[in-house]
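> Questions regarding the structure given below will be posed in turn.
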Amino acid sequence: MMLLEHEAKQLLDSVGIQVPRGLVIRPGDGTPDGIESYPVAVKAQVRSGGRGKQGGIVRAGDRPALAAAITRLFATAFGGERPEALLIEPWLAIERETYLSVAVDGRADGYVVMYSARGGVGIEEGAPPVRYPVGAPWNFRVHGLRKALESAEPDYQWREKVIALAQRLIRTAAMRDLTTIEINPLATLTDGALVAADARVVCDEWAHFRNKAIHAQREAEKRRAEPLLRDCLNMQHMYVRLDGDIALISGGAGMTMAAMDMIADCGGRPACFLDCSPGPTSTRGYRPAFAMLDADPRVKVILVSVFGGGTQMQRVANSMKEIMAERKSRKPVVFRLDGTNVDQVPGIFARFGAHNHARLEDAVAEAVRLAGGRA
Amino acid sequence: MMLLEHEAKQLLDSVGIQVPRGLVIRPGDGTPDGIESYPVAVKAQVRSGGRGKQGGIVRAGDRPALAAAITRLFATAFGGERPEALLIEPWLAIERETYLSVAVDGRADGYVVMYSARGGVGIEEGAPPVRYPVGAPWNFRVHGLRKALESAEPDYQWREKVIALAQRLIRTAAMRDLTTIEINPLATLTDGALVAADARVVCDEWAHFRNKAIHAQREAEKRRAEPLLRDCLNMQHMYVRLDGDIALISGGAGMTMAAMDMIADCGGRPACFLDCSPGPTSTRGYRPAFAMLDADPRVKVILVSVFGGGTQMQRVANSMKEIMAERKSRKPVVFRLDGTNVDQVPGIFARFGAHNHARLEDAVAEAVRLAGGRA
Amino acid sequence: MSILLDRTNRVLVQGVTGQMGTYFVEDACKYGTTVVAGVSPGRDGAKVGDVPVFGSVRAAREATGADTAIVFVPPAAVLGGALEAIEAGCRLVVVTADELPVLDTIELKAAARANGAAVVGPNSPGIISPGKAKLGFMPSFCYMQGNVGVISRSGSLSYECCKRLTLAGMGQSTVIGIGGDPVKGTTAAEALGLFHDDPETAAVLYLGEIGGSEESFVAEYAARPDAKPVAALIVGHTAPPGRKMGHAAALIGSKAESHAAKVAMMRSAGVHVASGLSDMVETLQAALSHGMRAAQDAAA
Amino acid sequence: MSILLDRTNRVLVQGVTGQMGTYFVEDACKYGTTVVAGVSPGRDGAKVGDVPVFGSVRAAREATGADTAIVFVPPAAVLGGALEAIEAGCRLVVVTADELPVLDTIELKAAARANGAAVVGPNSPGIISPGKAKLGFMPSFCYMQGNVGVISRSGSLSYECCKRLTLAGMGQSTVIGIGGDPVKGTTAAEALGLFHDDPETAAVLYLGEIGGSEESFVAEYAARPDAKPVAALIVGHTAPPGRKMGHAAALIGSKAESHAAKVAMMRSAGVHVASGLSDMVETLQAALSHGMRAAQDAAA
């Protein structure tokens, strides 16, 4: 789960890392008093990337310009996301921009530190950052990072500051259950100060049981969701909306993507990624999924595709029978269940006149046909 | 630095440990509305121990009793300390009280976990708690603690809860730079819930540079001090007020205590522990110490006792010369400087007519004589 | 042979008295897995089926010679349980649980390395060596003993694919679910190394997805001159960037993590990459016959 | 002989270009300490006095054979610097800095153990083997070579006591400041073990204070039938309970940590405990002659 910029900066501040002194405003707050000097930066607080390139950061030279920026930014969506807040900061007199991040990386069996002597917006286009694999956080070594940075950063005083900062970031990531802390740009100001001018922090949602801040983030994420989706999230379903019209009720991330891909390969368009495997196999688990997809006007067909191991197919089949009986929507549903106890499925399906496709290919072809596609 | 109970409980809550739902009130807040049910516990928020035995926890059965308790507790000092706040909590229906703590212990080269199947007020009188040495926090092992607890706690379900909690506490201590987290009592309520009914948390002040909460605690501690003491604390001096009349300006914790002890052994009464070694050796360092002691009416004599290694004695002597010249107070000052460059001291002292005792015994005897003691 | 798991593993089940543990004992014993002990603190002396329950891994090991653990405890307790198994000397520890904090996995992996143990998972269906033993809930009928080593980031996708292999007459030496989390007890690289050294394994099928960097290990292996034939299926060409597709690691965070980039990288390293589920079996067959031709060329 | 430090130690100074580092080089060289290198990242090629400066401990070790480090960097940088020295293979690392977070010391100690290195400190005056070498700022004139091993929790108290010993003609083999923090690079127990094995050390003087549990180690040692004579001075009988007396560890948190309890425990174990600074020398002399009588009795 990604924090908003101002949340990320508050977190960095709490571990003694310098960030610009900012002011957070919400819709309806109006133009704040107490701005000591202009110009200021007005920054849309959204989770999607590329905000800068989309005009989400505005320089305001005086109070009227600030007022105009506030109105405009609150009215704009960035990557489909309206800002819930704006961050107002002094416009920084930046002398130099570098890049520093700490992130979980499977290749390191843990954390890596990445640094680039050139930071800022164009970081992805430049040479790849230097990479110092840490692994378990207690394996971070100042001298190890120093060695890694020697080639990348000629200014030894700056290098030492970056090393001290990286040490702080690794500790912070470990203690707050963060998977990424990215400071870009890590800036030197003209007065010599080192400042985290922008920050992206991602926390590990599975640490919710031991971290109340993460628990609160998860709850807030659910609250932000539409009610029908919220019911799905409460069942632990994982959902990503796509552009198409063939919705999936599926089990397992890999199989869900495989079915999405096959729909596209057959000329159809998948409407969503919806993995219901973490939820219960009772009607309680699947009912919110049907409710959401039945209510979605873009969805023409629902493909139920589950290949179960621990998930027993006779249970899923019985849930489908119940749900089909109570369901109001007349959107067609195509079934393909396979896996543990699949031999019991045809008998159950016969009782409510449904057909279980033996092969995913057949089920997908049927769904694409029903959606009016080419197949 | 010790946190107040309500701060400690908030911290535990933030890592998912159950604490009673409490309400904090400050002097002048009056009797709060919104107390849902009585009886409640009204608890004085002080750092000194033995609060319970001194009547610092009051049971209030209704609103008038609550109002009376608030007035009384804010007007009472506990171990010389007036409460800055009161914590109001539901009166807990406790079924069982145990003791659990995590603390830094030199014998373990790090942390230990301690558990006693009988907690509560009398913990110090009972059998010593079971001790599980952890060392570095990442060496905590669930199965290690389980083995240690087998003899001490027969209820395996409770034991497993305690183990899970201890694991959380170790992690919390490491991530928040805490040297002690003590939950006493760790209570089971009659409804089966496990609750930290009281908590004592001590944080490591030297982590202030990487932990803003600790930094803020330090600053608050300075703000709570009288202005003259605050000036000393700002010079990093370490001060503890004692009952006597012979004040010490000293260097090094061990030597300061040795001088205190010698004063007492000579029939005098030390007025304070005051270790100035972390501060500068310039007048800037010593001036606040003299200012505080000169203003203290209980102090009759000041004994300056410094045995320096890195601290160079000619610098200390020169500072004394300057301070004696500008000082208004006529309280007698006795000197005993020794250590690096002490051979330069007599020459400097001669210029302002002071005498440097060669032996601590002589300086102490002189101070005791000047204070009117028996020696 | 096979990797990590065969008939010699003596299995203990942590959290055996829970619902999953109990079901596992029944299902795994039916398959032929040698389940010798359960562990449930405070419950020693009990039995689950015919399996005796002990209070600690050490006690279970001493009494039964158990050397392999599978962990069925809640996410908050997984680290403690797995560390106990590792430090008591188990050579293989399987963690199927998802929702494990990544820091716990990091600690787990470090301990496994330090103790010379193998961990499979977390967020994994487990591991099966068909015809010998299984440690997980995979549907047994999908598998057949043979010479294809399978590595999968996803559980149900591996069931689907193995069923297709079995129907096509291509048995499996071992099928290992490396899991959908960014940090893995056993990485694709480590699994590839084991399959490479396993004489029974003739080719490797890798089932991957978008996000993460696991696929670069596979490409690296395939580029070795002595590599066994490798085929792959990478799912998620319809997944949008920047969104997590169920698995924590299935998120396209940079261009290198996209489907197209992964497929291109793997193909240029010599991996036979299927265009989808439907041609996965043929692709593996192509990899095998290509490998055979290469071997004949080398011999000639 | 002596413990940890003698003429053979080849010393490198971390943070050598700072004020303390520079002063140390001058003072320690004057005493006869073999200072061979300084370390200051980014400053390699510079010189402090005659001492060449390197960018890393490894480079300094390779060029000069340095095997001992003393660390003069700010508290936030101590852990990193000391870990570098330990992992580059230094056998002794001295940390005089105070204000070090205890978690950093815990990590330091764990690394020292894992690498077989000795750490002295933090919050310590350092270590001196009179007539051979010193690593710290102790006033040289207070010390004289001899056969008393001194262990001290407090810096200035050790200067005071050693000056008294020297004036009384009792030289010291090594004087080690174990420091005032609760977790110690070298504990009293470890220092006692070293002095026990040092043939040059005939008796040990322990300088302790209220708070903590270090004194229980001393009592434990003194109770051994083969113990060398041990005398002690414990300061703080006038310190109130529950208040920190300067040192983090100097706080009476329980009855066992009080002055009276410590003295009673030590005396019953056979430690000769002085009643104050003024009879410390005589107490040590008594311990020595008691030890000699015991040795004669044993021989007879």
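Protein chains in written order, with the working numbering: chain A, 72 to 446; chain B, 72 to 446; chain C, 6 to 305; chain D, 6 to 305. Every residue gets a Cβ at the ideal spot worked out from N, C-alpha and C, and that includes glycine. Predicted model only: the values in this text are computed from it and were never measured.
Would you mind reading off the limits of the alpha helix (DSSP H) that contains R289(B)?
Residues K283 to R295.
> Out of curiosity, what's the CA-to-CA distance linking P64(A) and T142(A)?
Nothing can be reported for residue 64(A), as the shown portion of chain A is limited to 72 through 446.
> Are the C-beta atoms of L304(A) and some chain C residue less than 9 Å apart?
Not one chain C Cβ lies under 9 Å of L304(A).
> Inspect the CB distances between the region 258–270 of chain C and the region 346–364 of chain A and report whether three or more fall short of 8 Å.
At 8 Å Cβ cutoff, the stretches do not touch.
> Name the chain B residues that come within less than 8 Å of S161(D), Cβ to Cβ?
G322, G323, G325, M326, S348, V377, F378, G379, G380 and G410, listed in chain order.
> Does any residue of chain B bring its CB to less than 9 Å from the CB of G47(C)?
True, the Cβ-Cβ gap to chain B drops below 9 Å.
> For the region 105–118 of chain C, which residues have a CB atom closer than 9 Å to at least one CB atom of chain B, in sequence order?
Hits within the stretch, in order: E112 and A115.
> Is DSSP giving V370(B) helix, strand or coil here?
V370(B) falls in the coil class under three-state DSSP.
> Can you list the alpha helix (DSSP H) stretches of 4 or more residues lying completely in the region 311–364 of chain B, in chain order?
Fully enclosed alpha helix (DSSP H) runs of 4 or longer: 324–336.
> Which first and last residues belong to the alpha helix (DSSP H) in which K168(C) is found?
Its alpha helix (DSSP H) spans residues G160 to L172.
> Going by the CB atoms, is the gap between N14(D) and L88(D) shorter than 9 Å?
Not closer than 9 Å, so no.
> Give me, in chain order, the residues of the same chain whose beta-carbon lies closer than 8 Å to that of G87(B); leave out the 5 immediate sequence neighbours on both sides.
The residues are R239.
> Relative to the C-alpha of H426(A), which candidate in R271(A), G215(A) and V404(A) has its C-alpha closest?
It is V404(A).
> Assuming L212(D) and C147(D) make a contact with CB atoms under 8 Å, what is their CB distance in whole Å?
Actually they are not in contact, since the Cβ atoms of L212(D) and C147(D) sit about 13 Å apart, beyond 8 Å.
> Compare the Cα-Cα distances from I252(A) to each of R340(A), Y170(A), A139(A) and P298(A) and report the closest residue.
Nearest C-alpha to I252(A): Y170(A).
> I'd like the ranges of any beta strand (DSSP E) spanning at least 3 consecutive residues and lying wholly in the region 259–285 of chain C.
The region 259–285 of chain C contains no whole beta strand (DSSP E) run of 3 or more residues.
> Using Cβ-Cβ distances below 9 Å, what residues of the region 77–88 of chain D are close to chain A?
From the region 77–88 of chain D, only A81, A82, L84, G85, G86 and L88 have a Cβ closer than 9 Å to chain A.
> Using a Cβ-Cβ cutoff of 8 Å, what residues of the region 184–218 of chain B are near chain C? List them in chain order.
Cβ contacts with chain C: W209, R212, V213, H214, R217 and K218.
> Is any beta-carbon of chain D found at less than 9 Å from that of R289(A)?
No - not a single Cβ of chain D is within 9 Å of the one on R289(A).
> Can you name the start and end residues of the beta strand (DSSP E) that K114(B) belongs to?
V111 to A115 is the extent of the beta strand (DSSP E) around K114(B).
> Which one or two residues does DSSP pair with V173(B) in a beta bridge?
For V173(B), which the question treats as bridged, DSSP gives the partners V184(B) and I252(B).
> Report yes or no: do the region 244–254 of chain C and the region 180–195 of chain C share at least 3 C-beta pairs separated by less than 8 Å?
Counting Cβ pairs under 8 Å, three or more are found: they touch.
> Going by beta carbon distance, what residues of the same chain come within less than 8 Å of P208(A), once the five residues before and after it are set aside?
Answer for P208(A): G181, Y182, I241, R242, A244 and A245, listed in chain order.
> Taking its Cβ as the centre, do 16 or more other Cβ atoms sit within 10 Å of A164(B), making it buried, or is it exposed?
Per the 10 Å Cβ criterion, exposed.
> Counting only beta-carbon separations shorter than 9 Å, does R445(A) have a partner in chain C?
Caution is warranted here: a pLDDT of 48 is assigned to R445(A), below 50, making its placement in the model unreliable, and the coordinate value is therefore given only provisionally. With 9 Å as the cut-off, R445(A) does not count as an interface residue toward chain C.
> Which residue comes first and which comes last in the beta strand (DSSP E) that contains A237(D)?
Element bounds for A237(D): V235 to V240.
> Roughly how many angstroms separate the alpha carbons of A362(B) and S400(B), rounded to a whole number?
About 9 Å.
> Which two residues bound the contiguous alpha helix (DSSP H) that contains A148(A)?
That residue, A148(A), is in no alpha helix (DSSP H); it is neither H nor E in DSSP.
> If you draw a straight line from the alpha carbon of V439(A) to that of C34(C), how long is it in whole angstroms?
Distance between the alpha carbons of V439(A) and C34(C): 42 Å.
> Does the CB of A235(B) have a neighbour CB from chain C at under 9 Å?
With 9 Å as the cut-off, A235(B) counts as an interface residue toward chain C.
> Could you tell me the alpha carbon to alpha carbon distance between S390(B) and S85(B), rounded to whole angstroms?
Whole-angstrom Cα-Cα distance: 49 Å.
> With a CB to CB cut of under 7 Å and the five nearest residues on each side skipped, what residues in its chain are close to P110(B)?
Taken in chain order, the residues that qualify are R130, A131, G132 and W162.
> Applying the 10 Å Cβ sphere with the 16-neighbour rule, what's the burial state of Q301(C)?
Exposed: under 16 other Cβ atoms inside 10 Å.
> Buried or exposed for R445(A), going by 16 or more other Cβ atoms inside 10 Å?
With a pLDDT of only 48 at R445(A), under 50, the local geometry of the prediction cannot be trusted, and no value is derived from it.
> Determine, using beta carbons only, whether G121(A) and G150(A) come nearer to each other than 9 Å.
In this structure, G150(A) lies closer than 9 Å to G121(A) by Cβ.
> Give a yes or no on whether 9 Å exceeds the smallest Cβ distance from R248(D) to chain B.
Output row for R248(D): interface = yes.
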